[in-house]
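Residue numbers (UniProt numbering): 1 to 54.
Heads up, the beta-carbon is just placed ideally off N, CA and C, and yes, glycines get one too.
On a predicted model such as this, the values are computed, not experimentally measured, just so you know.
Written below as structure tokens is the structure these notes are about.
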Amino acid sequence: SDNERLYAQHLQNKLLPDHTYSVVSGGEPLAIPDLTWEQLKHFHTTHYHPSNAR
């Protein structure tokens with residue numbers, strides 16, 4: 001259920017704050033409406049660059 005998913009994610013955030021498991025790879029849908037165009041462009045230029053390719 002959704003409550004179980006939220007609880008599991010919250011638990012991972014608290015137990016593994018510096019690990020990749022603490023971050024939802026798809027992002028937080030509730031935060032999307034607060035995202036500005038400038039923030040999106042900054043994120044894209046920072047993370048989607050040929051120097052970051054492996």
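In the DSSP assignment, residue 2 falls within the unbroken alpha helix (DSSP H) covering 2-15. Under the DSSP assignment, residue 42 falls in the alpha helix (DSSP H) whose first and last residues are 37-47.
Assigned with DSSP and collapsed to three states, residue 31 falls in helix. In terms of Cβ geometry, residue 22 and residue 30 do not form a close pair [threshold 9 Å]. Under the three-state reduction of DSSP, residue 22 is assigned to helix.
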